[in-house]
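**Q** Counting along the sequence shown from 1, when you hit position 25 you're at 25 in UniProt numbering, and nothing is skipped either side. Dropping the structure in here first, questions after.
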Amino acid sequence: MRDSSESTGFFRAETAAEDTPHQHAQLTGCPWHDVNEMLQSVGLRPTRQRMALGWLLFGKGARHLTAEMLYEEATHAKVPVSLATVYNTLNQLTDAGLLRQVSVDGTKTYFDTNVTQHHHFYLENNHELIDIPVTHVSLQNMPTVPAGYEISRVDMVVRLRKIG
């Protein structure tokens, strides 16, 4: 299901998996088995805690969440895990390429299960991210990259505030 504006091409994270060819966000068959396979494919040992957190993260399609949000979900699902373990697991999954970090104003970091190239709207009033397809953004006049470096990725977060 798309955002309220059918023709915009912008998708809330929960619905982006329908239109995004992202192998990690779309688990098929038994999610537990798929999480196990996903972790092993990037060299991470499928511990009970990683499996449970992976199931919570990837079993619901493309999403954006903070460590605190995942910790709350884990607590609600009766997964015995500390906030430190949630942070460590999210960082390990990010380092392995299964998640992407999205920093909002330097104080809040979201983890995105959609690791394909795209940008974000940040709804300030709701503290919510919405995916912007990369084809909807045109970057011009990029600065000259210093010698010995190359651009690895451009991340754009467009902050929106509700009027009224």
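Positions of the beta carbon are idealized from the N, C-alpha and C atoms, including for glycine. None of these values were measured; they are calculated from a predicted model.
Take V137 as the anchor and find which of S82, P143 and H120 has the nearest alpha-carbon.
**A** H120
**Q** Quick check: the Cα distance between H118 and R153, rounded to an integer number of angstroms?
**A** 10 Å
**Q** Starting from P31, follow the alpha helix (DSSP H) in both directions and report where the run begins and ends.
**A** From DSSP, the alpha helix (DSSP H) with P31 extends over P31 to S41.
**Q** Go ahead and label M38 buried or exposed: buried means 16 or more other beta carbons lie within 10 angstroms of its beta carbon, across all protein chains shown.
**A** M38 is buried by the Cβ-count criterion.
**Q** Note the first and the last residue of the continuous beta strand (DSSP E) segment covering Y110.
**A** Run containing Y110: K108 to D112, per the beta strand (DSSP E) assignment.
**Q** Check whether the Cβ atoms of L70 and L93 lie closer than 8 Å to each other.
**A** Going by C-beta atoms, L70 is not nearer than 8 Å to L93.
**Q** Tell me the residue span of the alpha helix (DSSP H) that contains E73.
**A** A67 to H76
**Q** From what residue to what residue does the alpha helix (DSSP H) around V86 run?
**A** Run containing V86: L83 to D95, per the alpha helix (DSSP H) assignment.
**Q** Do the CB positions of N114 and K162 come within less than 8 Å of each other?
**A** no
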